Amino acid sequence: MSAPRFDEVIHAPQRLRIVAMLAPVAGLDFGTVRDALEVSDSVLSKHLKVLEDAGYVKVQKTKRSGRTWTSASLTRAGRSAYEGHVAALRAIVDGAVETAAATE
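Taken in order, the sequence shown gives residues 1 to 104; the numbers are from the UniProt record's numbering.
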């Protein structure tokens with residue numbers, strides 16, 4: 001498990017959803033992610049570009065049956081950043097719960 005570290009790149013809601021979808025699998029097809037998020041191709045492309053520029057996601061294009069297929073997968077750095085971000089969010093929530101419990 002990565003040390004808690006809040007990550008501004010991952011924290012954006014759609015990007016957080018993307019990395020959460022990619023974390024448990026080897027990779028996902030562009031269309032699968034787009035449909036799950038209910039966003040347009042251009043919106044997903046922009047978010048994947050930000051994640052790719054940060055080194056968190058690898059976007060791969062392959063030709064099959066005369067068509068180009070795009071898929072995305074988390075890199076090791078992306079997985080580590082995601083795990084650290086989730087740990088940081090849990091620490092924030094746990095701290096708030098403890099504070100609330102102490103004031104009751």
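Ideal Cβ placement from N, Cα and C applies to all residues, glycine included.
Keep in mind that this is a model prediction, so the values were computed, not measured.
With respect to L44, L37 sits close: the two C-beta atoms are nearer than 8 angstroms. Residues of the same chain with a CB within less than 6 angstroms of the CB of E52, apart from the 5 flanking positions on each side, are V59 in chain order. Taken in chain order, the complete beta strand (DSSP E) segments of 3 or more residues contained in the region 34–102 are 57–64, 67–74.
Linking G78 to V39 through their CA atoms gives a straight-line distance of about 22 angstroms. Beta-bridge partners of D29 (DSSP): S71. Here E8 carries a helix assignment [DSSP, helix/strand/coil]. Between the alpha carbons of R34 and A91 lies a distance of about 30 angstroms. Using a Cβ distance threshold of 8 angstroms, L16 and A72 do not count as a contacting pair. Under a 10 Å Cβ-count criterion, D94 is classified as exposed, with fewer than 16 other Cβ atoms of the shown protein chains found around its own Cβ.
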